[in-house]
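S.K.:
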Amino acid sequence: MTPCCCSVHTHATCCDGKSTLVEMAAAAYAAGVKYFGVSCHSHTPLELDVGYVLPADMTDYRRSVLALRAEYAGRMEVLLGLEWDSQSDIFPEGFDYWIGSAHYQRRENGVCYAADWGEEAFTACRDEACGGDALAVTEGYFREVARVAAMKPTILGHMDLITKLNAGNRFFDETSPRYEKAALEALHTADPMATLLEINTGGMARGYRDAPYPALFLLKEWRTMGGRIILTSDSHSADTILYGYGDSIALAKAAGFERSTILTLNGPTECRI
Ligand SMILES: [Zn+2]
Ligand SMILES: [Zn+2]
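The sequence shown lines up with residues 588 to 860 when you count with my numbering.
1) Would you tell me roughly how many angstroms separate the C-alpha atoms of K768 and E808, rounded to the nearest one?
2) From this set, N753, G831 and A701, which residue's C-alpha is nearest E634's C-alpha?
3) Determine whether the beta carbon atoms of D862 and S688 lie at a separation below 8 Å.
4) Mind checking who E670 pairs with in its DSSP beta bridge?
5) Is G789 near ligand 2, with its Cβ less than 7 Å from a heavy atom?
6) What I want to know is whether the C-beta of R821 ends up closer than 7 Å to one or more non-hydrogen atoms of ligand 2.
7) Going by C-alpha to C-alpha distance, which of P764, T710 and R693 sits closest to R734?
8) Measure from the alpha carbon of T741 to the alpha carbon of each residue in R649, T762, F729 and G681, then state which is nearest.
9) To the nearest whole angstrom, what separates the beta carbons of S822 and T597, a pair I think is in contact under 8 Å?
10) Tell me the DSSP bridge mates of Y700?
11) So, does the segment 799-818 touch the segment 647-665, judging by three or more C-beta pairs under 8 Å?
12) Compare the beta carbon distance of G790 and K739 with 8 Å and say whether it is the shorter of the two.
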């Protein structure tokens, strides 16, 4: 087995993906994937999410993914997953696995600010809710990540997503002690026996970043904690199912990892990277 036989953080047109479930599965199979997981975005009550997440009733979603499982039986395992958002109004149960992700932070003024929707969302959070303090935005974001991590998801999703638009430290200094402390506190909330930390290339595939999530110092700390990793592409289209896995392997090795985890229908297993 190689890390490239597994891709379990993927989206399709039933949430905010560009390709259909059928197209995603066909592309995964053609790319040599043996363990393909679908992880569409869970429903939230947020207006911002209308059209980008699954309906609260996931009956059709489950049925469609399980139909693919039957279609590919014996050739590729199809896993039923969910990317559960911290603002979601459903509970992530009844799935083969779930990815716990924070895409928003709700502030004291009652407003939910998106972490990765663009400059306006970041600056609004900074100026309306944080008195102009950009690092306070990151601290609020990592409190949200900690809340998700404490729920012991199968995979902790893109844990430093708040850096998506921060190329060149445009909004905040990622080496500042305040930033590192907030990020590490969130990581320390995760249970290394229960949760995998993903190395996620989604921001690279869409041209926002030149490195995967998360930062090297977080991966090194996770390794010290005895944690395990999984490589994911957070793919939203059929041409990015295994995007940037080579970069993720290099990053994992730089942090001292020698193995990554593969999710299968019979549970997790490990392979050399
Ligand atoms: Zn996400
Ligand atoms: Zn995702």
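Positions of the beta carbon are idealized from the N, C-alpha and C atoms, including for glycine.
Given the structure is predicted, the values throughout are model-derived calculations rather than measurements.
M.R.: On the basis of the data shown:
1) Counting from one through the sequence shown, the residue named residue 768 turns up at place 181. Counting from one through the sequence shown, the residue named residue 808 turns up at place 221. Looking at the two C-alpha atoms, the distance is approximately 12 Å.
2) As a first step, residue 634 must be located in the sequence shown, where it is residue number 47. Measuring from the Cα of E634, the nearest candidate turns out to be A701.
3) With the chain covering only 588 through 860, there is no way to say anything about residue 862.
4) On the sequence shown, residue 670 is found 83 positions in, with the first residue counted as 1. Beta-bridge pairing links E670 to H628 and I686.
5) For this step, residue 789 is matched to residue 202 along the sequence shown. Indeed, a heavy atom of ligand 2 lies less than 7 Å from the Cβ.
6) Position 234 of the sequence shown holds residue 821. Sequence inspection shows Asp at residue 821; the Arg mentioned does not correspond to that position. Flag set: Cβ of D821 near ligand 2.
7) As a working mapping, residue 734 is identified with position 147 in the sequence shown. Looking at the Cα atoms, R693 is the closest of the given residues.
8) Start at 1 with the first residue of the sequence shown, and residue 741 comes out as number 154. For the residues R649, T762, F729 and G681, the minimum Cα distance to T741 belongs to G681.
9) Residue 822 sits at position 235 when you count from the first residue of the sequence shown. Residue 597 sits at position 10 when you count from the first residue of the sequence shown. Indeed, because the Cβ distance is near 5 Å, the residues count as touching under 8 Å.
10) Mapped onto the sequence shown, residue 700 falls at position 113. In the DSSP output, where bridge partners are listed per residue, Y700 has Q692.
11) no
12) Residue 790 sits at position 203 when you count from the first residue of the sequence shown. Residue 739 sits at position 152 when you count from the first residue of the sequence shown. No.
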